[in-house]
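Report on one structure; see the data block that follows.
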Amino acid sequence: MVILAGAAVLFGFATGRFFLIGLLAALIYLGLHLYQIYRLEKWLQIGSELEPPHAYGIWGELYHHLYRRERRNQERERRLRALLNRFQDSAAALPDAIVALNSKGEIEWLNKAAAKLLGLRAPHDIGQSITNLVRQPAFTALAQNRVSETPLQIPSPVDGSVYLLVRIVPYGKDERLLIARDVTQLQKLEQIRRDFVANVSHELRTPLTVVSGYLETLADIKDPDWVDSVNAMRQQTARMQHIVEDLLLLARLESDKESTRDKQPVAVPDLLEDVLREARELSRGQHVIESNLDPNLLLDGHRSELYSAFSNLVFNAVQYTPAGGRITVKWHTDESGAHFEVADTGPGIAAHHVDRLTERFYRVDSARSRELGGTGLGLAIVKHVLTRHAATLRIDSELGKGSRFICDFPADRTRARSGVTAG
Ligand code: ADP
């Protein structure tokens with residue numbers, strides 16, 4: 459530029475035609491810039507990752523900056539691609555099946571385990587709706603739910619002896635990840651545990667019946683050296699029998715989960731009158747026992763199971779509430795369904811125990827429970843029975859103020875006693 463300007467001035471002086479020489483110089487200057495723009499455009503076209511054309515001055519600087527920026531971008535892109543590949547490789551290598559679904563439930567990506575466990579094929583199944591490929595009613599219901607809180611256990615569509623635990627988690631913008639884990643081994647172990655407990659309980663039942671039979675014949679013994687020992691033996695045998703019966707009941711409740719066996723309208727008010735009669739015998743007049751039962755509210759279910767659940771809750775209230783306390787039993791309905799409720803003015807339960815009460819053998823005070831003849835299995839039985847009736851248990855308790863156990867049954871399980879209009 460400087461050279462061009464200098465030459466123009468010299469020629470201007472030499473020829474005296476400043477305007478013409480100036481115009482000529484300006485045209486040459488413009489031409490040079492147009493040429494550089496042309497080179498820049500060509501360079502960008504063939505790929506700016508190649509070395510830039512050689513140039514002086516402002517154009518040299520411009521090429522240099524553009525080239526540096528391009529290199530930096532390339533480096534960043536390379537790193538991101540490597541990271542993405544690493545993520546995809548690790549997701550592909552996971553033993554759990556992973557399927558990325560778009561907002562319409564169509565498959566966007568899947569890993570190798572998805573092919574093995576769910577029978578999906580890439581790229582063939584990409585873009586297909588997952589519910590068209592995995593055809594099981596429970597799975598369809600899960601997949602149609604936007605998000606599932608509880609995972610679902612289903613047999614693998616590829617091999618019925620393989621059990622999968624399927625979960626759907628939301629990610630990104632309205633997208634979902636389907637994760638399926640092979641839990642066949644866990645399922646087998648769980649079955650072995652269930653069979654073991656059921657078999658042991660069953661095997662113990664006969665010898666216990668024999669021992670308790672002999673002890674009954676000794677009940678009339680008058681010898682003061684033996685009275686206490688025989689009584690203690692009878693008590694402990696009765697306790698063992700109670701535990702065995704509860705374990706067998708739990709095993710039965712666990713083993714036929716989906717059963718509709720003897721599901722029928724249960725006259726809950728009549729059932730509760732029986733429970734209350736027994737509770738009054740147990741209380742021997744030491745408590746005020748009140749009830750408020752809707753006489754026409756029936757429930758579809760299993761009578762013997764509901765009897766076990768309701769009696770466990772009412773007998774617990776009697777046993778844990780000190781003499782002079784009040785126990786209230788309610789059976790009523792509202793728009794959300796039917797509710798069975800037992801409230802007592804007993805010792806209450808500290809909040810940190812509440813979540814664990816339905817675990818087998820979990821007791822707040824083991825010594826007290828044993829002394830009262832408790833097995834520690836009562837609330838576990840309640841929970842299983844309720845699950846089989848699509849119901850839930852709520853425990854509302856405050857230390858020193860008493861407890862309230864509420865069983866909530868869905869409205870579609872209730873019905874009115876025939877001849878009575880519901881509502
Ligand atoms: P258990 O045979 O020991 O009564 P459950 O499973 O029926 O076993 O109850 C578990 C524990 O919950 C009991 O040991 C007791 O500590 C506590 N519990 C149950 N019901 C009540 C109640 N109404 N008031 C206070 N504590 C209770």
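Position 412 of the sequence shown, counting from 1, maps to 870 under our numbering, and the rest follow consecutively.
For glycine and all other residues, C-beta sits at the position ideal for the given N, C-alpha and C.
Just checking my contact of residue i with residue j at CB under 8 angstroms: how many whole Å lie between their CB atoms?
i, j, result
"residue 463", "residue 483", "7 angstroms"
"residue 587", "residue 566", "Actually they are not in contact, since the Cβ atoms of residue 587 and residue 566 sit about 12 angstroms apart, beyond 8 angstroms."
"residue 730", "residue 751", "6 angstroms"
"residue 517", "residue 494", "5 angstroms"
"residue 633", "residue 560", "6 angstroms"
"residue 757", "residue 598", "That pair is no contact at about 29 angstroms."
"residue 609", "residue 591", "In fact, because the Cβ distance is near 19 angstroms, the residues do not count as touching under 8 angstroms."
Can you give me the C-alpha to C-alpha distance between residue i and residue j, rounded to a whole angstrom?
i, j, result
"residue 833", "residue 694", "12 angstroms"
"residue 867", "residue 711", "18 angstroms"
"residue 797", "residue 782", "26 angstroms"
"residue 804", "residue 726", "25 angstroms"
"residue 520", "residue 539", "28 angstroms"
"residue 876", "residue 761", "18 angstroms"
"residue 739", "residue 641", "48 angstroms"
"residue 663", "residue 578", "49 angstroms"
"residue 628", "residue 842", "30 angstroms"
"residue 865", "residue 546", "47 angstroms"
"residue 594", "residue 611", "11 angstroms"
"residue 648", "residue 821", "23 angstroms"
"residue 625", "residue 778", "41 angstroms"
"residue 962", "residue 651", "Absent from the model: residue 962. The displayed extent of the chain is 459 to 881, so no value can be given."
"residue 671", "residue 677", "10 angstroms"
"residue 665", "residue 688", "17 angstroms"
"residue 512", "residue 476", "33 angstroms"
"residue 505", "residue 527", "13 angstroms"
"residue 466", "residue 522", "30 angstroms"
"residue 780", "residue 860", "11 angstroms"
"residue 638", "residue 572", "8 angstroms"
"residue 801", "residue 743", "17 angstroms"
"residue 769", "residue 849", "16 angstroms"
Below 9 angstroms between beta carbons: does that hold for residue i and residue j?
i, j, result
"residue 835", "residue 705", "yes"
"residue 745", "residue 785", "yes"
"residue 675", "residue 699", "no"
"residue 853", "residue 862", "yes"
"residue 844", "residue 767", "yes"
"residue 733", "residue 787", "yes"
"residue 558", "residue 635", "yes"
"residue 656", "residue 596", "no"
"residue 790", "residue 755", "yes"
Within the present structure, is the beta-carbon of residue i separated from the nearest heavy atom of the ligand GDP by less than 8 angstroms?
i, result
"residue 659", "The ligand GDP is not among the ligands present in this structure, which contains only the ligand ADP."
* Can you check the segment 545-580 for any beta strand (DSSP E) of at least 3 residues that lies completely inside it and give the ranges in chain order? => Every unbroken stretch of the beta strand (DSSP E) spanning 3 or more residues and falling wholly within the segment 545-580 is given here in chain order: 555-559, 565-568.
* To do: Pick out the complete beta strand (DSSP E) segments inside the segment 667-738, 3 residues or longer, and give them in chain order.
  => 722-724
* **alpha helix (DSSP H) runs wholly inside the segment 744-786, at least 4 long, in chain order** => 761-778
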